[in-house]
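Student:
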Amino acid sequence: MNHVIEQLVLSALHKAKNNGDLEIAEEPEIVIEKPKDPKLGDFSTNLAMTLARPERKNPRVIAEVICKYLKNGGGQVERVEMAGPGFINLKMTQSFFISRLLKVAESGDDFGCSTVGKGQKVLVEYVSANPTGPLHVGHGRGAAVGNTLCNILKKAGFDIKSEYYVNDVGNQMNILGRSTWLRYQEILHKTVEFPKDHYQGDYIKDIAQEIIDRHGEEYLKKSEDEALPFFRQYAAQWVLEGIKTDLKEFRVEFDGWFSEKTLYEDDSVDNALGWLREKGFVYEKDGAVWLKSSAFQDEKDRVIVKQNGDQTYFCSDIAYHQNKVNRGFESLVDLFGADHHGYVPRMQAVMQALGYDRDVFKALLVQFVSLKRGEEKVSMSTRSGEFVTLKEVVDEVGVDATRYFFLSKSSDSHLDFDLELAKKETPENPVFYIQYAHARICNVFLKAQNQGIAVPGVAEVDLTPLVEEEEFALIKNILAFPEMIEKSAQTKEVHRISHYLHDLVAKFHSYYNKHRVVTENQPLTLARLFLLHCLQITIRNGLTVMGISAPEKM
RNA sequence: GCGCCUGUAGCUCAGCUGGAUAGAGCAACGGACUUCUAAUCCGUAGGUCACAGGUUCGAAUCCUGUCAGGCGUACCA
């Protein structure tokens with residue numbers, strides 16, 4: 001909708017230029033915003049103020065000129081005036097809004113979609129937690145944010161695929177296998193020493209018990225070297241299945257699960273390394289192999305093959321990201337926990353070394369979640385086994401509330417998750433405020449239906465009975481939905497949705513308390529039902545993007 | 001030491017590509033259910049936007065410095 005106003009202002013500017021009232025040497029960027037006080041108008045622009053310097057004129061004088069040309073704005077502008085230091089405020093006609101509201105109902109589930117993404121192929125990689133234990137709450141934040149980001153980008157016209165990178169090789173897998181092997185023996189009454197750096201969590205015992213249930217004591221006779229591959233494989237599979245289940249439960253599904261192991265099996269890692277070596281970006285020092293990442297703005301070079309001949313995690317990551325580009329993705333978005341932020345320049349350097357633009361790689365950093373029970377801090381280390389799992393939290397407070405909690409805060413600010421509070425506040429959680437609005441609307445429709453009144457269709461509805469201030473406040477807010485989606489896609493700021501919805505719904509609750517929808521006045525009733533129908537579409541679409549349900553009854 | 005994130009109401013947070021009187025929720029206080037769901041609404045109270053400078057018509061927002069918290073600065077992942 002703002003685009004329409006932009007065009008309006010722009011054409012006024014052109015006319016002013018043609019008539020010699022303004023110079024306009026360079027076409028300025030036009031910023032449209034809403035005035036703080038709705039009495040001032042529907043839209044405002046600070047254009048005159050930004051033009052003051054290049055035009056060498058008082059902003060108020062410039063504003064007067066632009067106002068003059070805006071006045072005959074094709075019958076859509078009801079009032080235009082200059083205010084304060086040089087703001088230009090526009091008030092639009094009723095028909096301007098009504099015609100746009102009709103399109104909301106036409107679009108239905110597609111309302112909010114746009115084409116700003118231009119079909120760009122983007123791969124979003126998120127969660128990618130090591131399959132060494134169940135997901136904890138911190139992973140949950142990444143999962144909710146990543147999943148919602150995908151939804152937003154899709155709606156904004158990007159061609160999105162999502163992926164979970166499974167780190168199924170390396171020392172951690174050995175430790176996982178060995179931890180299980182040791183617990184297995186323990187349960188079968190063998191005395192073993194369980195090292196501190198092994199996985200302490202009870203789930204290891206569950207895996208071991210399951211192996212006993214299925215395979216009995218047969219591995220007891222085998223040596224560690226013989227037994228370990230089986231335990232490693234079994235435990236990894238078990239954990240990964242658990243992660244998949246937990247994520248599905250949390251309404252997070254991936255287009256692909258990419259195994260790190262396959263990068264070694266099909267020589268992708270060696271090929272990537274060879275390629276870099278050929279280009280001269282790789283050298284040997286102190287018995288290790290290094291990537292010359294400092295040549296690409298990284299603060300120092302990085303080891304990719306250790307002295308002992310093992311490849312580092314970073315090494316396979318190079319191959320993985322090359323693989324992504326080779327699959328045709330134009331933009332790679334990775335969600336990182338904030339503790340990985342040092343990785344960002346490194347990956348950008350990799351892109352450059354591989355011969356791509358460094359901006360092909362983009363990271364979205366998700367800050368830490370610190371868990372508390374009241375005042376008490378809860379540790380979240382997988383190895384110590386004291387963490388709180390995502391599943392536990394979801395079981396306790398529900399998917400909707402948990403997702404909302406993660407999604408309503410800017411992902412680059414630290415998050416305090418107080419378990420006591422989350423539990424206690426469940427009934428007053430803001431998510432219910434939004435869902436309640438949806439349920440209320442459904443109930444109004446039910447009431448109307450009982451009186452034989454249906455929501456009118458786009459073709460036959462007459463919206464001219466809508467004249468209340470609150471009604472136009474609602475309409476304006478509804479029409480801002482696509483812009484909000486666009487903006488959060490551009491900035492990758494997922495938390496905008498929840499704030500928008502909360503704001504929208506507050507206007508509805510207020511309206512609901514002040515005005516009746518179903519009344520004796522038939523034309524007014526029909527118009528209001530239609531307005532609520534559009535509102536319902538907007539709320540539902542917003543909640544869907546967030547992966548939160550829109551209940552019809554509460 | 002260096003780098004990234006954060007510092008806004010009692011608490012949890014929006015607002016940050018400079019704009020009009022700094023906003024929500026929770027908590028507190030006072031009102032509104034014979035009405036389409038009171039999981040709601042209306043009102044009151046609550047602020048040196050961490051601090052100090054700078055940039056300009058104008059700064060919570062941009063720049064510099066200081067302080068505080070978190071994270072990183074591995075031949076771990």
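The letter at position 164 of the first sequence is residue 164 when you use this note's numbering, and the numbering goes up by one with no holes. Even glycine gets a Cβ: it sits at the ideal position worked out from N, Cα and C.
1. Could you give the first and the last residue of the continuous beta strand (DSSP E) run that contains Glu78?
2. Quick check on the DSSP output: what are the complete alpha helix (DSSP H) runs of length 4 or more inside the segment 39 to 108, in order along the chain?
3. Here's the rule: buried if 16 or more other CB atoms are within 10 angstroms of the residue's CB, otherwise exposed. What is Asn151?
4. How far does the beta strand (DSSP E) with Val545 in it extend, from its first residue to its last?
5. According to DSSP, what are the bridge partners of Lys121?
6. At what residues does the beta strand (DSSP E) containing Gly274 begin and finish?
7. For a quick check, are the C-beta atoms of Ile62 and Ile88 less than 7 Å apart?
8. List the endpoints of the continuous alpha helix (DSSP H) containing Glu186.
9. Consult DSSP for Lys377 and reduce its assignment to one of helix, strand or coil.
10. Would you list the one or two residues that DSSP bridges to His136?
11. Within 10 angstroms of the Cβ of Arg528, are there 16 or more other Cβ atoms? Answer buried if so, exposed if not.
12. Using DSSP's beta-bridge definition, name the partner residues of Phe361.
13. On the criterion of 16 or more Cβ atoms from any shown chain inside 10 Å, does Val505 qualify as buried, or is it exposed?
14. With three or more beta-carbon pairs closer than 8 Å as the criterion, would you say the segment 185 to 198 touches the segment 144 to 164?
15. Determine the contact status of Lys121 and Gly280, defining contact as a CB-CB distance below 7 Å.
16. How long is the line joining the alpha carbons of Arg79 and Ala25, rounded to whole angstroms?
17. From what residue to what residue does the alpha helix (DSSP H) around Gly512 run?
18. Checking 7 Å against the spacing of the C-beta atoms, do Leu291 and Val305 come in under that value?
19. Does the Cβ of Asn477 have 16 or more other Cβ atoms within 10 Å, making it buried, or fewer, making it exposed?
20. Please check the pair Val366 and Phe336, which I expect to be a contact at CB under 8 Å, by giving their CB distance rounded to whole angstroms.
21. By Cβ distance, which residues of its chain are closer than 6 Å to Val438, with the 5 residues on each side in sequence left out?
22. Can you tell me where the beta strand (DSSP E) with Ile485 in it begins and where it stops?
23. Given Ile475, which residues of its chain have a CB within under 6 Å of its CB, disregarding the five upstream and five downstream residues?
24. Helix, strand or coil: which one does DSSP assign to Phe258?
25. At the level of alpha carbons, what is the spacing between Tyr436 and Cys442?
26. Name the two residues that bound the continuous beta strand (DSSP E) containing Ile596.
27. Helix, strand or coil for Glu33, going by three-state DSSP, please let me know.
28. For Ser223, which three-state DSSP category applies?
29. What residue from Ile497, Lys154 and Ala473 has the CA that sits closest to Gln94's CA?
30. Can you list, in chain order, the residues of its chain with a C-beta nearer than 8 Å to that of Leu543? Leave out the 5 residues immediately preceding and following it.
31. Assess, as a yes-or-no matter, whether the segment 248 to 263 is touched by the segment 153 to 166 under the definition of 3 or more beta carbon pairs within less than 8 Å.
32. So for Glu299, helix, strand or coil by DSSP?
33. For Asp197, tell me which candidate among Tyr511, Gln451, Lys553 and Leu176 has the shortest Cα-Cα distance.
34. For a test of the three-state rule: what should DSSP assign to Lys285, helix, strand or coil?
35. Assuming Val127 and Val494 are in contact, meaning their beta carbons sit under 8 Å apart, how far apart are those beta carbons, in whole angstroms?
36. Taking the alpha carbon of Phe296 as the reference point, which residue from Ala349, Asp317 and Gln322 has its own alpha carbon closest?
Tutor: By the coordinates alone:
1. In the first sequence, the residue the question calls residue 78 occupies position 78. Run containing Glu78: Val77 to Ala83, per the beta strand (DSSP E) assignment.
2. 47 to 55, 59 to 70 and 94 to 107
3. For the purposes of this step, residue 151 is taken as the residue at position 151 of the first sequence. Asn151 comes out buried.
4. Reading the first sequence from its first residue, position 545 is the one you call residue 545. Segment Gln522 to Met546 is the alpha helix (DSSP H) holding Val545; no beta strand (DSSP E) there.
5. The count along the first sequence starts at 1 and reaches residue 121 at position 121. The partner list for Lys121 (beta bridge, DSSP) reads Asp159.
6. Counting from one through the first sequence, the residue named residue 274 turns up at place 274. Unbroken run through Gly274 is the alpha helix (DSSP H), Ser268 to Lys279; no beta strand (DSSP E).
7. The residue given as residue 62 occupies position 62 in the first sequence. The residue given as residue 88 occupies position 88 in the first sequence. No, the Cβ-Cβ distance between Ile62 and Ile88 is not below 7 Å.
8. Working through the first sequence from its first residue, we reach residue 186 at position 186. Residues Asn171 to Ile187.
9. Position 377 of the first sequence, counting from 1, holds the residue named residue 377. Reduced to three states, the DSSP call for Lys377 is strand.
10. For this step, residue 136 is matched to residue 136 along the first sequence. Paired residue(s): Thr389.
11. Counted from its first residue, the first sequence places residue 528 at position 528. With 16 or more other Cβ atoms within 10 Å, it is buried.
12. As a first step, residue 361 is located in the first sequence; it is residue number 361 there, counting from the start. Its beta-bridge partners are Leu332.
13. Taking the first residue of the first sequence as position 1, residue 505 is located at position 505. Buried, by the Cβ-count rule.
14. no
15. As a working note, residue 121 is residue 121 in the first sequence. As a working note, residue 280 is residue 280 in the first sequence. No.
16. For the purposes of this step, residue 79 is taken as residue 79 along the first sequence, with counting starting at 1. For the purposes of this step, residue 25 is taken as residue 25 along the first sequence, with counting starting at 1. Taking the straight line from one Cα to the other gives about 28 Å.
17. Taking the first sequence and counting its residues from 1, one reaches residue 512 at position 512. First, the residue type needs correcting, since residue 512 is Tyr and not Gly in the sequence shown. Counting along the chain, the alpha helix (DSSP H) containing Tyr512 begins and ends at Arg496 to Lys514.
18. Within the first sequence, the letter at position 291 stands for residue 291. Within the first sequence, the letter at position 305 stands for residue 305. Taking 7 Å as the Cβ cut-off, Leu291 and Val305 do not qualify as a contacting pair.
19. Here the question's residue 477 lines up with position 477 in the first sequence. Asn477 should be labelled buried.
20. Looking up residue 366 in the first sequence gives position 366. Looking up residue 336 in the first sequence gives position 336. Sure, about 7 Å apart at Cβ, within 8 Å.
21. Position 438 of the first sequence, counted from the first residue, corresponds to residue 438. It should be noted that the sequence gives His, not Val, for residue 438. The residues are Ile539 and Ala550.
22. Sequence index remark: in the first sequence, residue 485 carries index 485 (1-based). Unbroken run through Ile485 is the alpha helix (DSSP H), Phe481 to Thr491; no beta strand (DSSP E).
23. Counting from one through the first sequence, the residue named residue 475 turns up at place 475. Same-chain partners within the cutoff: Phe97 and Leu101.
24. Looking up residue 258 in the first sequence gives position 258. If DSSP states are grouped into helix, strand and coil, Phe258 belongs with the strands.
25. If you number the first sequence from 1, residue 436 lands on position 436. If you number the first sequence from 1, residue 442 lands on position 442. Cα-Cα distance, rounded: 10 Å.
26. Nothing in the structure corresponds to residue 596, since the chain is present only between 1 and 554.
27. If you number the first sequence from 1, residue 33 lands on position 33. In this structure, Glu33 counts as strand in the three-state DSSP scheme.
28. Looking up residue 223 in the first sequence gives position 223. If DSSP states are grouped into helix, strand and coil, Ser223 belongs with coil.
29. Mapped onto the first sequence, residue 94 falls at position 94. Checking every option, the nearest Cα to that of Gln94 belongs to Ala473.
30. Walking along the first sequence from the start, residue 543 turns up at place 543. Excluding sequence neighbours, Leu543 sits near Ile434, Gln435, His438, Leu501, Ser549 and Ala550.
31. yes
32. Against the first sequence, residue 299 aligns to sequence position 299. Glu299: coil per DSSP, three-state reduction.
33. Here residue 197 refers to the residue found at position 197 when the first sequence is read from its first residue. When only C-alpha atoms are compared, the closest one is Leu176.
34. Looking up residue 285 in the first sequence gives position 285. Correct three-state label for Lys285: strand.
35. Stepping through the first sequence from its first residue, residue 127 is reached at position 127. Stepping through the first sequence from its first residue, residue 494 is reached at position 494. The Cβ separation is near 15 Å, so there is no contact.
36. On the first sequence, residue 296 is found 296 positions in, with the first residue counted as 1. Of the listed residues, the one whose Cα sits closest to Phe296 is Ala349.
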